[in-house]
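Q: Sharing a structure below in structure tokens format, with a few things to ask.
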Amino acid sequence: MISEAHRRLRDATRADHDRLEHRVDILRRIAEPQARRRLVEGFYGLHRDAETAMAPWLADLPDLDFAARRRSAVLAGDLAAADGRAPDVEPVELAGRPEALGLMYVLEGSTLGGQVIRREAARTGVTMTGLGFLDPYGAETGPRWRAFLAVVDAWAAGEDDIVSLIAGARRGFALAEARLCGVPAVG
Ligand code: HEM
Numbered sequence: 000m001i002s003e004a005h006r007r008l009r010d011a012t013r014a015d016h017d018r019l020e021h022r023v024d025i026l027r028r029i030a031e032p033q034a035r036r037r038l039v040e041g042f043y044g045l046h047r048d049a050e051t052a053m054a055p056w057l058a059d060l061p062d063l064d065f066a067a068r069r070r071s072a073v074l075a076g077d078l079a080a081a082d083g084r085a086p087d088v089e090p091v092e093l094a095g096r097p098e099a100l101g102l103m104y105v106l107e108g109s110t111l112g113g114q115v116i117r118r119e120a121a122r123t124g125v126t127m128t129g130l131g132f133l134d135p136y137g138a139e140t141g142p143r144w145r146a147f148l149a150v151v152d153a154w155a156a157g158e159d160d161i162v163s164l165i166a167g168a169r170r171g172f173a174l175a176e177a178r179l180c181g182v183p184a185v186g
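Quick note on numbering: the sequence shown equals residues 0 to 186 in numbering that gives the first Met the number 0.
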């Protein structure tokens, strides 16, 4: 059964997700080398700057396994493979742990979409080489997602925490849209 925190996170960000999914246009971009490179650059900047901001709040959280969920190292390899350039750092400020978990919800949730993208790329014959970051967990995606949500429930259960979780998640979607679709981050 879905928890209160997860239901509210999902409901509050559904429109953000759907707009991002539509605008980012991943399947078209991964099929074209220039657009593919810019996509990898955007994801690299997003994860690098988000990880820097989240680490002070989340690195020591029991059961989260923050280090293993960091994706910027694999992204650095994908960036080099795409002959991409690391974008400028854009520091992200977070007010506390629930907000950091809300931001991480966006990055972890993207692994669910990554599975769909991988299947679709295979169907259309587009290579996923150099796009490992889109599907970092493979067959472990489901269990890792559920483990992440359990940590959210353990550390952000009260009303104030849920409000902060949602603020962090909406911020995450705004940052993703800015990095991946080239619009200024708002909200
Ligand atoms: C073409 C691009 C995308 C597709 C096709 C896609 C597709 C999906 C699908 C099918 C799910 C639901 C999976 C399930 O319920 O089992 C999902 C969930 C999610 N996606 Fe995406 N997605 C895309 C891009 C993104 C991006 C770029 C982000 C963030 C950077 C993102 C963040 C999330 C989040 C946070 C969830 C979890 C929602 C929940 O709480 O259930 N997605 N996506």
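Backbone N, C-alpha and C define an ideal beta-carbon position, used for all residues, glycine too.
Identify every run of the beta strand (DSSP E) within the stretch 57–141, keeping only runs that are complete inside it and at least 3 residues long; order them along the chain.
A: Runs of the beta strand (DSSP E) inside the stretch 57–141: none found.
Q: Using only the heavy atoms of the ligand HEM, determine whether one of them is closer than 7 Å to the beta carbon of residue 92.
A: Residue 92 Cβ: outside cutoff for every heavy atom of the ligand HEM.
Q: According to DSSP, is residue 163 part of a helix, a strand, or is it coil?
A: Helix.
Q: Between residue 166 and the rest of its own chain, which residues show a CB-CB distance below 7 Å, the 5 nearest in sequence each way excluded?
A: So the list reads 98 and 101, once near-sequence residues are dropped.
Q: I need the DSSP call for residue 181, collapsed to helix, strand or coil.
A: In this structure, residue 181 counts as coil in the three-state DSSP scheme.
Q: By the 10 Å Cβ neighbour count, where 16 or more other Cβ atoms means buried, how is residue 103 classified, buried or exposed?
A: Counting Cβ neighbours within 10 Å, residue 103 comes out buried, since at least 16 surround it.
Q: Using only alpha-carbon positions, find the residue among 37, 94, 118 and 120 that is nearest to residue 79.
A: Looking at the Cα atoms, 37 is the closest of the given residues.
Q: Less than 8 Å between the CB atoms is what I'm expecting for residue 150 and residue 60, so what's the real figure, rounded?
A: The pair is a contact, with the Cβ atoms about 7 Å apart (cut-off 8 Å).
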